[in-house]
Amino acid sequence: MAKVGNRVTSAIKVAGLLGSFAALLPLSGALAAGSAITGTITVLSNRTDMQANGMLAKYSQEFEKLYPGTTVKWQTFVDNSTVQAQMSGGVYPDVMLILPNITKPELSTYFAPLNSLGLDHKVYFANFNEYKGKVYGLPSFGDVNGIVYNKAAFKKAGITHVPTTLNALYKDMALLKKAGIVPMALNYTAKWPLANWSNVLPDLIAQNANWENTMVHSNAPFSPNTPMGKALTIVYNIVHHGWAEPQPLNTNWNTSKPMLAQGKFAMMFLGNWAVPQIIGAGAPSKDIGFFPFPTSNSGKNIAIAGPDWMYAVNKHSAHLATAMAFVKWMIEDSGYANYAGGLPPLKSQKSSVPQIAQFERDASKILTALPGSTTWTKIANAAQLDLTGGGAVQPLFTSSNLDATLQQMNQAWASARSLLGLASK
Amino acid sequence: MSRQRFSLSYKAQKAVLIAAFLILPIVLLATLSLYPALKLIFYSFTSWNGLSPRYPWVGLANYKAIFSNPLLFSSFGHNFAYLVGGLIQNVVALYFALILNSKIRGRNLFRAVLFMPFVMNAVAVVFIFRFLYGYQGALDALLQGLGLKALEHDWLGNLSLVNWSLAFVSLWEYFGFNMVIYLAALQSVPHELFEAAELDGAGRLQTLWHITLPNIRSIVQINLLLTISGAIEAFNIPFIMTNGSPPTATFLTNTVNVAFVFNNFGLASAMAIVLLIIVFVVLILQRWLVGIGRDAV
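Respectively, the protein sequence lines represent chains Y and H. Numbering-wise (our numbering), the first sequence opens with residue 5 and increments by one. Numbering-wise (our numbering), the second sequence opens with residue 70 and increments by one.
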């Protein structure tokens, strides 16, 4: 329903944009792509919740007060295929979020370089959307992934410390199950909450932010002894020991949040962004904690910080300067990172979220993520292995033979490599 | 002189009138149906990623990829439940149509009630059933309340059950539509035939078999056509209810995945065209099979 509404509003906005372009045509010319910070801009956002609770409107008001004569409108989306359709139609919001399937060489087709804002050395992850020395994307905030847990549920099961080794994690899950609590909610049906298991955990196990990128050189990156194989084995163990939801194939993301908030579920492997959402679902902040995934039995667990959505500016924008100023303001002054429970994008700032401060103390090291390799994406797409969206983790739930399932993935990967002519390299 | 320009012949007026009435539907048909269809055929020969301004031509490679990947076709097994469900749906629809065609009290109310599911928003229907089938959902609660705890199931998690659970949603939602079509057909059967049969002492079943069914044969044909093509193209129920997860994936949810998850619009377009061809073949087969029976009755 929300999706339909969204489409309708986007359509209306497209019509509105077309109208305003038409109206501006006679006036443009020398004044075009104006250097003055004025006019109406449309900003894309994935936060439908913040549109509903008025936070986005508050950002508009603050920015409009700072730069009189500007108007900031928001376009939110649930499913980015609507935005994709706008982009291929050539009319899209002034301030954009970089969709995951835009490759680096294509950045300049859609976006204006942001180097002139002077932020590229002050923020993290500026290299993620950099091409030929030009920076096209700046981060809204940073994410680290870890286990969000309910402290009251842990206490009820008699667990006093968060697990720091994989064996301790398994032992704690058994204790939680005995106490009648669902140890680890996986959210099979929503699918995307599974993405961390295939897209983040392998790098954490390898203690190497670049490990997944090296999969492109292998014909068998899913074998049980590889970081990917080990990550998927953990999922398989959780499901087959009954440590996931009671009906693991029949789950509901929206009800899983209050369940974790109430302590009926104990843990979920998500990102820092989930902490405020679980608190919002009815848990007192002191009951919700966040710790690094215990990937091995060494007790030293790392985390990898990567960018959440990245801002970009539509290069066809009629108010380029306004759009750029808005991006700069969102990053430097809006306070969005703390509101969203993310890591501040600016290197000079520290998070004000207590759970993140605790997480930073628990992690032995926080590595900075590296941009994903285009070849990796090509192979994964050709193999139809949805590693970034969680779809590739789903077969483990219905598999009765872990080795055979991993072997099938190896085969899909290897044949995709040969299809793309990479096998000999 | 200027008057004469507007005094068209009757024939010309007729042509102008027809053109005026047809222009709107033809423009709509062309922009929303024909143009996308032609584009679809074009995309199916490219490896377009859905966004790029370039459309790399790959010839028949997409079609070869479809037929060399047995996994894509294995999902048709899941459509089997929808097919069986669809056949039952027609029997149920015909049954209710026969009952509601007789002069029973409150038949208009019953007709409206049974047709209601079809009028409801299809997405809302799937959401309703998601709550019914959910863990500790309404269906299990009902069974428990009736003392039938043994019948409780993991409706969406049990691999041998899930597609039947989904097919039931389809049955519930669409049988009212079939019923209305059957009702319309039944009302057009000449009443004298039934009276004559009654006088000759034909029983209810004999009347049904020898008079009702032969008279509504073409309508049965149309309903089967809709049901079978619907079963082959099952999409919205698994897509919304289970997010098209592997045990419930159909050819069409796979197609959507190929386009929007794996960004291969070229391959997805080719899959859509292959599906179209499959539907055509099945429909021709069905017409042929039902046509064979024509001489026997």
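All residues carry an ideal CB built from backbone N, CA and C; glycine is no exception.
Own chain, CB closer than 6 Å to N203/Y, minus 5 neighbours either side, in chain order: L391, T392
| said: Tell me the DSSP secondary structure of K136/Y in three-state form. | reply: coil
Assuming F226/Y is part of the alpha helix (DSSP H), what are its boundary residues? That residue, F226/Y, is in no alpha helix (DSSP H); it is neither H nor E in DSSP.
_Using the three-state DSSP reduction, which class does M232/Y fall into: helix, strand or coil?_
helix
Review point. Can you tell me whether DSSP reads M314/Y as helix, strand or coil?
Key: strand
Sufficient close CB pairs (3 or more, under 8 Å) joining the region 178-192 of chain Y to the region 267-274 of chain Y
yes
Three-state secondary structure (DSSP) of P143/Y: strand
message = Once DSSP output is grouped into helix, strand and coil, what is the label at I370/Y?
response = strand
Here's the rule: buried if 16 or more other CB atoms are within 10 angstroms of the residue's CB, otherwise exposed. What is A37/Y? Reliability fails at A37/Y, whose pLDDT of 47 lies under 50, so the model's placement of it is uncertain and no value is given.
| query | Taking the C-alpha atoms as reference points, what is the distance between F4/Y and G275/Y? | reply | Nothing can be reported for residue 4/Y: it is not among the residues displayed for chain Y, which extend from 5 to 429.
**Message:** Can you check whether the C-beta of N118/H is within less than 8 Å of a C-beta belonging to chain Y?
**Reply:** yes
* Asked: What's the C-alpha gap between N223/Y and L152/H?
  -> 40 Å
Next item on the list: Determine the DSSP secondary structure at Y192/Y, reduced to helix, strand or coil.
Entry: coil
Practice prompt. Give a yes or no on whether 8 Å exceeds the smallest Cβ distance from Y96/Y to chain H.
Written response: no
| query | Got a sec, what are the start and stop residues for the beta strand (DSSP E) F273/Y sits in? | reply | 269-275
**Study point:** Interface residues of chain Y facing T311/H [CB-CB closer than 7 Å]
**Key:** T193
Q) Can you tell me whether R421/Y is buried or exposed, with buried defined as 16 or more other CB within 10 angstroms of its CB? A) buried
Endpoints, the alpha helix (DSSP H) within which T168/Y is located
Segment: none, T168/Y is in no alpha helix (DSSP H) and carries neither H nor E.
CB contact check: M100/Y to chain H, cutoff 8 Å: no
Beta-carbon of Q266/Y versus every beta-carbon of chain H: anything under 8 Å?
no
Span of the beta strand (DSSP E) holding I45/Y? 43-49
message = Excluding the 5 residues flanking M328/Y on each side, which residues of the same chain have their C-beta closer than 8 Å to its C-beta?
response = A116, L118, S120, L121, V317
Looking only at its own chain, which residues have a Cβ that is under 6 Å from the Cβ of N149/Y, when we skip the five neighbours before and after it? N200, V204, G275
Notebook entry, point to check: How many Å lie between F349/H and N256/Y at the Cα?
Noted result: 38 Å
(message) Check for me: the alpha helix (DSSP H) holding G93/Y runs from which residue to which?
(response) 85-93
Residues of chain H with CB under 9 Å from G137/Y, in chain order? Result: empty, since nearest Cβ-Cβ is about 22 Å, beyond 9 Å.
Chain-ordered neighbours of I430/Y on chain H, where CB pairs are closer than 7 Å: In the structure displayed, chain Y extends from 5 to 429; residue 430/Y sits before or after that span and is not available.
> Would DSSP call W357/H helix, strand or coil?
Replying inline: helix
Which term fits V96/H, buried or exposed, when burial requires 16 or more other beta carbons within 10 angstroms of its beta carbon? exposed
Bridge-paired residues (DSSP) for A303/H: Note: A303/H sits in no beta bridge, so no partner.
Does N105/Y pass the burial test, meaning 16 or more other C-beta atoms within 10 Å, or should it be called exposed?
buried
Next on the checklist: Rounded to whole angstroms, what is the Cα-Cα separation between R286/H and N247/H?
Outcome noted: 14 Å
Self-check item: Strand pairing of Q79/Y, partner residues [DSSP]
Solution: L48/Y
What residues from the region 249-263 of chain Y come within 9 Å of chain H, judged by C-beta to C-beta, listed N to C? E249, P250, Q251, P252, L253, N254, T255, N256, T259
Excluding sequence positions up to five away, which residues of its chain have a Cβ less than 7 Å from the Cβ of N305/Y? T168, P296, F297, P298, T299, A367, S368
Local conformation of T281/H per DSSP, three classes: helix
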